[in-house]
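So that you can map any letter, position 495 of the sequence shown is 495 in UniProt numbering, and since no number is skipped, the others follow by simple counting.
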Amino acid sequence: ISDAQRYDAQECRARESPPTADSHALENKRDEHLLKKRNVPQEESLEDSDVDSDFKGVSVGNATSDNAVIQLSAVQAARKLLSSDRNPPIDDLIKSGILPILVKCLERDDNPSLQFEAAWALTNIASGTSAQTQAVVKSNAVPLFLRLLHSPHQNVCEQAVWALGNIIGDGPQCRDYVISLGVVKPLLSFINPSIPITFLRNVTWVIVNLCRNKDPPPPMETVQEILPALCVLIYHTDINILVDTVWALSYLTDGGNEQIQMVIDSGVVPFLVPLLSHQEVKVQTAALRAVGNIVTGTDEQTQVVLNCDVLSHFPNLLTHPKEKINKEAVWFLSNITAGNQQQVQAVIDAGLIPMIIHQLAKGDFGTQKEAAWAISNLTISGRKDQVEFLVEQNVIPPFCNLLSVKDSQVVQVVLDGLKNILIMAGDEASTIAEIIEECGGLEKIENLQQHENEDIYKLAFEIIDQYFSGDDIDEDPSLIPETTQGGTFNFDSASNMQTKEFNF
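Okay, structure coming up:
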């Protein structure tokens with residue numbers, strides 16, 4: 001969720017990708033092959049003298065010449081200008097009135113070289129700003145590009161695919177417009193064993209753009225058509241194709257529970273989960289986001305992922321050298337600890353609680369924040385014995401440490417968690433209160449009574465009022481549970497657990 005969605009102490013929230021300053025930081029800073037739009041560079045870098053910003057070489061008049069040679073060289077000159085690395089003069093060319101001429105060239109089945117050059121030029125215009133992409137759309141190029149998907153010349157087909165990818169990448173309106181004109185079937189028909197790898201990479205990138213954007217998500221029928229292709233592409237050995245395929249799945253699973261269910265029903269999840277241990281970090285990153293999105297769904301949807309032995313991958317992800325991966329791994333687990341009690345138990349049985357607590361104590365702040373959610377969610381969803389286990393693992397000191405951070409959402413999440421632990425402890429709350437006091441937590445909670453946020457100061461006041469006021473614990477020995485040998489707190493005479501076992 002974005003920080004705008006408030007956390008409710010009474011219920012755990014399955015949360016979408018970790019709230020960060022830029023909510024989808026992982027997506028936004030990815031390799032260039034996952035950009036929404038890409039221009040087609042020159043094969044050979046142009047000399048400065050070749051690119052003249054007043055485009056002497058481009059005669060718009062020549063582009064309409066009846067002489068095929070003159071026409072081709074004029075269109076080629078425009079394309080070269082648009083392929084220059086340094087700010088291609090897209091707006092100047094649009095103003096010159098060349099767009100309708102280039103679009104007309106797309107109709108010239110008698111001259112595939114001209115079609116190719118015009119398509120390349122239009123691809124690069126569409127790789128620009130949204131307004132520039134829109135100019136290409138308004139010039140009615142899309143139906144002609146769709147027609148070129150059936151060209152017998154592969155370079156023309158491929159250029160049309162690239163152009164459509166840039167147009168679809170502009171946003172959900174363009175995406176749905178191109179879909180409505182019928183892009184999906186011809187696009188998917190290119191996926192066959194004989195397709196050259198460079199072409200398949202382009203096709204896969206366009207599929208990513210079709211899956212991108214969730215406001216609104218792509219039409220359900222489109223998702224149904226694309227999923228079988230993604231189930232084939234996920235076996236591909238080419239790393240670019242694999243990464244793109246997994247990002248496409250992560251976009252689809254970010255579109256709400258209905259889309260999550262479609263992805264589950266496609267049968268792809270058992271092939272997605274093992275990618276969490278892929279040797280390429282780019283694949284791991286995408287796979288972690290995709291499975292992480294699935295577990296924001298219902299408990300039943302979450303269980304599908306858990307049934308694939310997903311938790312066995314997490315010791316490595318939680319100790320991964322890349323902090324981004326640690327953070328997303330803890331985010332994933334925070335949505336499992338928000339599940340049912342069996343799901344909470346699975347996290348405990350996988351030995352992951354000490355690792356979450358380690359991230360709570362030592363991770364970078366974004367990861368600590370996710371760990372606070374994971375712990376707090378467990379105090380809401382978990383059974384008494386599960387919350388006791390958390391306390392035994394010494395969660396309270398690092399948890400209390402976060403009470404002094406500036407981020408008020410974290411502070412509230414921690415206060416909620418502490419309050420839940422105290423409530424669950426019942427008669428033994430005084431022992432928990434003592435731990436909170438000894439680690440400096442009480443002082444922090446006292447300070448929070450002056451906090452500007454109303455929810456926080458009320459919560460801090462309630463905790464102090466209910467658990468830290470009245471008789472001072474130190475002066476009333478009857479409030480301290482006896483310590484038996486071995487340092488166990490005996491909350492309950494039935495306790496036959498090992499050291500530091502808390503029985504609420």
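Just so you know, even glycine gets a beta-carbon here, dropped at the ideal spot from N, CA and C.
_Test item: CB-CB of Leu227 and Val206 under 8 Å_ = no
_Ranges of the beta strand (DSSP E) found wholly within the region 75-145, counting only runs of at least 3_ = none
_Given 8 Å, three or more beta-carbon pairs between the region 372-381 and the region 333-340_ = Result yes; three or more Cβ-Cβ pairs closer than 8 Å.
*Should Leu181 and Leu144 be called a contact, given that it needs their Cβ atoms to be closer than 8 Å?*
no
*Mark residue 506 as exposed unless 16 or more other C-beta atoms lie within 10 angstroms of its C-beta, in which case mark it buried.*
What the structure shows of the chain is the stretch from 1 to 504, and residue 506 is not part of that stretch, so it cannot be assessed.
*How many angstroms separate the CA atom of Asn453 from the CA atom of Leu200?*
53 Å
*With a Cβ-Cβ cutoff of 8 Å, do Phe399 and Ile353 count as a contact?*
no
*Identify the continuous alpha helix (DSSP H) that holds Ile380 and give its terminal residues.*
365-381 is the span of the alpha helix (DSSP H), which, as asked, contains Ile380.
_Own chain, CB closer than 7 Å to Val35, minus 5 neighbours either side, in chain order_ = For the record, residue 35 in the displayed sequence is Leu; it is not Val. Hits under 7 Å: none found.
*asked:* Going by C-alpha to C-alpha distance, which of Glu258, Ala121, Pro315, Phe468 sits closest to Val295?
replied: Glu258
*Which same chain residues, not among the five before or five after Lys444, have their C-beta less than 7 Å away from its C-beta?*
Cys400, Leu403, Ser404
*Check whether the Cβ atoms of Ile101 and Val136 lie closer than 8 Å to each other.*
no
_Whole-Å CB distance - Leu311 paired with Val347, under 8 Å assumed_ = 7 Å
*May I ask which residues mark the beginning and end of the alpha helix (DSSP H) holding Thr222?*
220-233
*asked:* I need the straight-line Cα distance from Pro219 to Tyr177, nearest angstrom please.
replied: Pro219 and Tyr177: Cα-Cα distance of roughly 11 Å.
*Would you call Asn503 buried or exposed, if buried means 16 or more other Cβ atoms sit within 10 Å of its Cβ?*
buried
*Using three-state DSSP, classify His451 as helix, strand or coil.*
Annotated three-state conformation of His451 is coil, per DSSP.
*Can you tell me whether Pro89 is buried or exposed, with buried defined as 16 or more other CB within 10 angstroms of its CB?*
By the beta-carbon neighbour count (other beta carbons within 10 angstroms, threshold 16), Pro89 is buried.
*Whole alpha helix (DSSP H) elements within the region 399-453, 4-residue minimum*: 408-425, 429-438, 441-448
_Out of Ser277, His153, Phe116, Gln466, which one is the CA nearest neighbour of His320?_
Ser277
*Give the range of the alpha helix (DSSP H) segment to which Lys324 is assigned.*
323-336
*CB contact flag (Leu114, Gln71, <8 Å)*: yes
*Sort Asn202, Ile191, Gln159, Arg212 by Cα distance to Ile179 and report the nearest one.*
Arg212
*asked:* Taking the beta carbon of Arg86 as the centre, do at least 16 other beta carbons fall within 10 Å, making it buried, or is it exposed?
replied: exposed
*May I have the straight-line CA-CA distance separating Glu437 from Val291, to the nearest angstrom?*
Distance from the CA atom of Glu437 to the CA atom of Val291, rounded to whole angstroms, is 39 Å.
*asked:* Can you tell me where the alpha helix (DSSP H) holding Gly165 begins and where it ends?
replied: 154-168
*asked:* For Val161 and Val208, I'd like the C-alpha separation in whole angstroms.
replied: 13 Å
*What do you get for Val273, buried or exposed, if any count of 16 or more other CB atoms within 10 angstroms of its CB means buried?*
buried
*Please report the residue range of the alpha helix (DSSP H) in which Leu275 lies.*
Careful: Leu275 lies outside any alpha helix (DSSP H) and carries neither H nor E.
*Is the beta carbon of Val223 less than 8 Å from the beta carbon of Leu252?*
Between Val223 and Leu252, the C-beta spacing is below 8 Å.
*Taking the alpha helix (DSSP H) that Val387 falls in, what are its first and last residues?*
For Val387, the enclosing alpha helix (DSSP H) begins and ends at 384-392.
*asked:* Quick check: the Cα distance between Gly440 and Pro397, rounded to an integer number of angstroms?
replied: 8 Å
*Separation of Asp91 from Thr198, as counted between CA atoms*: 30 Å
*Is Ala346 helix, strand or coil when you go by DSSP?*
helix
_Euclidean distance between Cα positions of Gly426 and Gln466_ = 12 Å
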